[in-house]
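Residue numbers (the numbering used here), protein chains in the order written: chain E, 30 to 176; chain U, 30 to 176; chain W, 244 to 527; chain D, 244 to 527.
Beta carbons: idealized from backbone N, C-alpha and C, even for Gly.
One structure below.
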Amino acid sequence: MALDKPYQDIPGTIIFDAEQSRKGYWLNQFCMSLMSAENRARFKADERAYLDAWPMSEEQKQAVLARDLNWCMRTGGNIYFLAKIGATDGKSFQQMAGSMTGMSEDEYRAMMLAGGRSADGNRRLGEDGDAQPQHQPQGAAGKKGNA
Amino acid sequence: MALDKPYQDIPGTIIFDAEQSRKGYWLNQFCMSLMSAENRARFKADERAYLDAWPMSEEQKQAVLARDLNWCMRTGGNIYFLAKIGATDGKSFQQMAGSMTGMSEDEYRAMMLAGGRSADGNRRLGEDGDAQPQHQPQGAAGKKGNA
Amino acid sequence: MARITASVYTSHVPAIGAALDLGKTGEDYWQPVFAGYDFGKEWIAEQKPDVVFLVYNDHATAFSLDLIPTFALGTGSEFKPADEGWGPRPVPTVYGHPELAAHIAQSVIQDDFDLTLVNKMDVDHGLTVPLSLMFGQPEAWPCQVIPFAVNVVQYPVPAGRRCFQIGQAIRRAVESFDEDLNVQIWGTGGMSHQLQGARAGLINKDWDNRFLDRLIDDPAGLSQLPHIDYVREAGSEGIELVMWLIARGAMADIAGGPKPVLRKRFYHVPASNTAVGHLILENP
Amino acid sequence: MARITASVYTSHVPAIGAALDLGKTGEDYWQPVFAGYDFGKEWIAEQKPDVVFLVYNDHATAFSLDLIPTFALGTGSEFKPADEGWGPRPVPTVYGHPELAAHIAQSVIQDDFDLTLVNKMDVDHGLTVPLSLMFGQPEAWPCQVIPFAVNVVQYPVPAGRRCFQIGQAIRRAVESFDEDLNVQIWGTGGMSHQLQGARAGLINKDWDNRFLDRLIDDPAGLSQLPHIDYVREAGSEGIELVMWLIARGAMADIAGGPKPVLRKRFYHVPASNTAVGHLILENP
Ligand SMILES: [Fe+3]
Ligand SMILES: [Fe+3]
Chain E
30 MALDKPYQDI PGTIIFDAEQ SRKGYWLNQF CMSLMSAENR ARFKADERAY LDAWPMSEEQ
90 KQAVLARDLN WCMRTGGNIY FLAKIGATDG KSFQQMAGSM TGMSEDEYRA MMLAGGRSAD
150 GNRRLGEDGD AQPQHQPQGA AGKKGNA
Chain U
30 MALDKPYQDI PGTIIFDAEQ SRKGYWLNQF CMSLMSAENR ARFKADERAY LDAWPMSEEQ
90 KQAVLARDLN WCMRTGGNIY FLAKIGATDG KSFQQMAGSM TGMSEDEYRA MMLAGGRSAD
150 GNRRLGEDGD AQPQHQPQGA AGKKGNA
Chain W
244 MARITASVYT SHVPAIGAAL DLGKTGEDYW QPVFAGYDFG KEWIAEQKPD VVFLVYNDHA
304 TAFSLDLIPT FALGTGSEFK PADEGWGPRP VPTVYGHPEL AAHIAQSVIQ DDFDLTLVNK
364 MDVDHGLTVP LSLMFGQPEA WPCQVIPFAV NVVQYPVPAG RRCFQIGQAI RRAVESFDED
424 LNVQIWGTGG MSHQLQGARA GLINKDWDNR FLDRLIDDPA GLSQLPHIDY VREAGSEGIE
484 LVMWLIARGA MADIAGGPKP VLRKRFYHVP ASNTAVGHLI LENP
Chain D
244 MARITASVYT SHVPAIGAAL DLGKTGEDYW QPVFAGYDFG KEWIAEQKPD VVFLVYNDHA
304 TAFSLDLIPT FALGTGSEFK PADEGWGPRP VPTVYGHPEL AAHIAQSVIQ DDFDLTLVNK
364 MDVDHGLTVP LSLMFGQPEA WPCQVIPFAV NVVQYPVPAG RRCFQIGQAI RRAVESFDED
424 LNVQIWGTGG MSHQLQGARA GLINKDWDNR FLDRLIDDPA GLSQLPHIDY VREAGSEGIE
484 LVMWLIARGA MADIAGGPKP VLRKRFYHVP ASNTAVGHLI LENP
């Protein structure tokens, strides 16, 4: 397609455009179903059975079962939809967002209290900020990996 | 409201604007429910009971029970919604439209075959065309009234 | 590159669908209506469009009073024929073109048109009757169809001027799509008809024919016509004709290209309550 | 005649709602956030708006992927707080102003904005958190509220320029409504935040503050900013800030009137993942 997608050079960021939306359609629609207490209870009682009632890909189901939000996003999920899964688990948006960085809850919370993540080095792929691919996962998880 | 409603001077014509839409909200939403065979069957089995499940005005219910489409329209109905009632009764759009003129089915059909109703005299209230208030109902029904 | 090769205009009277579905096309009443589309059927079999961008209005079918979009673009992959109260028409499922539709969405929204994107909806006679008229009664529709639903049911409806402009934006969008596609744009609804009240059955042959003249030769001027003229002259449901301006706005001449070639002009009264009009314009 | 007397701008972080609902407003973490709204609470108690035209975005709550309106105007009479997955917020039902909303619809659509009208929807934290911040925890909201939901979830979202223009159209619409009403317009969402991926937690204090500067003094220039700048500089969810341009576009100075008076400016980091920004601009 001849239209620009100027937003593909930002590290650690997926823009939810029509292409993502098509890919993630049933994953996101499944998430919407968790907006009723009854469905949340049914989902928690048997997650696999609940997921199997939706025409999602097996990978999408695995990503949900693993609660791996980055994986969910790669398969077309959008954070506002995925947040319904977190809500079902009693998680806050801070816990959900932090989980995608690899940091522990405390690490992420401390980063936010200290003023959040800097844009410097994180504006474009190829710079050297903490959100760049070469620095993942962040926090102690990343350090352990290097040790 | 300061906005123009230039469409209020046309005889025999109600423009479905926001005001009509608010007035006819539940009447029209009831009509929408007739888009499933199951609901049509339930409606036909006990019309009054079916209508009583909707927060419509008593007048709207009476207008539906009487199948008086002009009355339905005065209470906020829109023809595309009301058509679902006609469809439930197995009526065509021609039968429904004709019923609002007072003409018999044959009279209305003959008018259409002869080229339809002329716009002449029917553009503005106060002219002398066949759609003007002073000439209602149309067809033999009107002539009887004058006899 | 995708190109808009032609535009087709036609009324979408529900009774025409019923006549087809019930096998009445040979009856004296219906024969002259369907005869008007004989040329179109042959023409389109040669043209073989890949995609039809089909401008129509929903008649309180997919959209109730809960939610009323001014312009709704079907970005989904399939759309089922709706049950409008008589049961669904026995016609094939409509398959969309999600990639082209999403491309059009992106382009047209960035061009300052405030679309509503729809992935899930049933389509009513407004969309399926034109397909039947042009394609007959096949097992499957021979092309993909992008539904574009315009609100002409609850006022305010979009101005003719706005419709003409969005047609131009749709053209720019289609022509910037990389894949090689033969795209037609259809404008449906009208011509003169009124389905309500003491004025039901209004038909205005002269006005309709002037509308056809101007749509061909003076679409920009025609797009300035206020709503009240449609209602007063062509009946309350004649307002559907604003949708023809969308298809016309997408033709090459509006963007400075050559004038379209008129391949067919047809007019007949009546089909049920309605005057039937039909045009085919081809980009040379 | 109805008048737009002031505009209010505020982030609408869900955690702020949770802090309020769970009685945590006095905690060290939250105290500075809520303190930023002390002035606003007093100010609005004096101002007593009749209607708030509340610009926000739906966060995959009322609108799923089935249907995505670019601009959705709430013309209904009531809107219930939504269950976003944690159960509905324990806040009052929101009552609309159907007459004014219908008037705005008529005016703005005729002004070539392609609205979707919505009579039935639940409203999420995007709408209820700003009400809580400005009105606290009353039994009933002290004014009517017209919800105006902007798509900033699925791209393409409307351009800043388009948002600024529709603000101006909304102003014209409100000021042509006959009834004497004190109307405020609120722009919500933002400021910098990103809720996804390895870049989650991005905050850009400098950029946010330049945005506030320009929103006050150079809104027309600011409205030209492309989406990519929001995303790159203020995080993927920072795009919500385009909605502030709608409220700003509705202020008197944009239509040639006097400059607004800045009554409050507040900025704080963090609330959960987000930078909190808040402005009050009054028409003199
Ligand atoms: Fe129609
Ligand atoms: Fe938000």
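heavy atom of ligand 1 below 7 Å from residue i C-beta
{"i": "residue 300 of chain W", "result": "yes"}
{"i": "residue 521 of chain W", "result": "no"}
Proximity test, residue i beta-carbon vs ligand 2 heavy atom, cut-off 7 Å
{"i": "residue 369 of chain D", "result": "yes"}
{"i": "residue 432 of chain D", "result": "yes"}
{"i": "residue 327 of chain D", "result": "no"}
{"i": "residue 255 of chain D", "result": "yes"}
{"i": "residue 483 of chain D", "result": "yes"}
Counterpart residues of residue i in DSSP-defined beta bridges
{"i": "residue 359 of chain D", "result": "W:312 and D:315"}
{"i": "residue 430 of chain D", "result": "D:252 and D:298"}
{"i": "residue 520 of chain D", "result": "D:510"}
{"i": "residue 324 of chain D", "result": "D:366"}
{"i": "residue 525 of chain W", "result": "W:249 and W:504"}
{"i": "residue 28 of chain U", "result": "Lying before the first or after the last residue shown, residue 28 of chain U is absent from chain U, which here runs from 30 to 176."}
{"i": "residue 387 of chain D", "result": "D:294"}
{"i": "residue 338 of chain W", "result": "W:321"}
{"i": "residue 66 of chain E", "result": "Paired residue(s): none; residue 66 of chain E is not in a bridge."}
Interface flag, residue i vs chain W, CB-CB below 8 Å
{"i": "residue 300 of chain D", "result": "no"}
{"i": "residue 82 of chain E", "result": "no"}
{"i": "residue 94 of chain U", "result": "no"}
{"i": "residue 85 of chain U", "result": "no"}
{"i": "residue 79 of chain U", "result": "no"}
{"i": "residue 186 of chain U", "result": "Chain U is shown from 30 up to 176; residue 186 of chain U falls before or after that span and cannot be answered."}
{"i": "residue 71 of chain U", "result": "no"}
Proximity test, Cβ basis, 8 Å: residue i and chain U
{"i": "residue 446 of chain W", "result": "yes"}
{"i": "residue 273 of chain W", "result": "no"}
{"i": "residue 513 of chain W", "result": "yes"}
{"i": "residue 257 of chain W", "result": "yes"}
{"i": "residue 328 of chain W", "result": "yes"}
Whole-angstrom C-beta distance between residue j and residue i, which should lie under 8 Å
{"i": "residue 414 of chain D", "j": "residue 498 of chain D", "result": "6 Å"}
{"i": "residue 354 of chain D", "j": "residue 358 of chain W", "result": "Incorrect: roughly 17 Å between the Cβ atoms, too far for contact."}
{"i": "residue 65 of chain U", "j": "residue 326 of chain W", "result": "7 Å"}
{"i": "residue 279 of chain D", "j": "residue 519 of chain D", "result": "7 Å"}
{"i": "residue 334 of chain W", "j": "residue 341 of chain W", "result": "Contact doesn't hold; Cβ gap of about 21 Å is too wide."}
{"i": "residue 44 of chain U", "j": "residue 474 of chain W", "result": "7 Å"}
{"i": "residue 402 of chain D", "j": "residue 250 of chain D", "result": "The pair is not a contact, with the Cβ atoms about 20 Å apart (cut-off 8 Å)."}
{"i": "residue 425 of chain D", "j": "residue 292 of chain D", "result": "5 Å"}
{"i": "residue 99 of chain U", "j": "residue 440 of chain W", "result": "6 Å"}
{"i": "residue 431 of chain D", "j": "residue 256 of chain D", "result": "Wrong, their Cβ atoms sit about 10 Å apart, outside the cutoff."}
{"i": "residue 399 of chain W", "j": "residue 317 of chain W", "result": "Their Cβ separation, rounded to whole angstroms, is 23 Å, which puts residue 399 of chain W and residue 317 of chain W out of contact at 8 Å."}
Chain E contact for residue i (CB, 8 Å cutoff)
{"i": "residue 351 of chain D", "result": "no"}
{"i": "residue 438 of chain D", "result": "yes"}
{"i": "residue 516 of chain D", "result": "yes"}
{"i": "residue 260 of chain D", "result": "no"}
{"i": "residue 270 of chain D", "result": "no"}
Minimum Cβ-Cβ distance from residue i to chain D less than 8 Å
{"i": "residue 54 of chain U", "result": "yes"}
{"i": "residue 51 of chain U", "result": "yes"}
{"i": "residue 122 of chain E", "result": "yes"}
Residue i beta carbon near ligand 4 (any heavy atom closer than 7 Å)
{"i": "residue 356 of chain D", "result": "You won't find ligand 4 in this model; what it holds is ligand 1 and ligand 2."}
Which residues, taken in chain order from the region 355–374 of chain W, show a beta carbon closer than 7 Å to some beta carbon of chain D? 355, 356, 357, 358, 359, 360, 361, 362 and 363
Please list, in chain order, the residues of the region 384–413 of chain W that have any C-beta partner in chain D closer than 9 Å. Only 394, 397, 398, 399, 400, 401, 402, 404, 405, 408 and 409 from the region 384–413 of chain W bring a Cβ to less than 9 Å from some Cβ of chain D.
Any residues in the region 307–325 of chain W with a beta carbon nearer than 7 Å to a beta carbon of chain D? Which ones, in chain order? 308, 309, 310, 311, 312, 313 and 314
Residues of the region 458–483 of chain D with Cβ closer than 7 Å to any Cβ of chain E, in chain order: 471, 474, 475, 476 and 479
Going along the region 330–348 of chain W in order, which residues come within less than 7 Å of chain E, judged by CB to CB distance? Residues 341, 345, 346 and 348.
To be precise: take each residue of the region 100–120 of chain U, compare its Cβ to all Cβ atoms of chain W, and keep it if any distance is under 7 Å. Which residues remain? 102, 107, 108, 109, 110, 112, 113, 116 and 117
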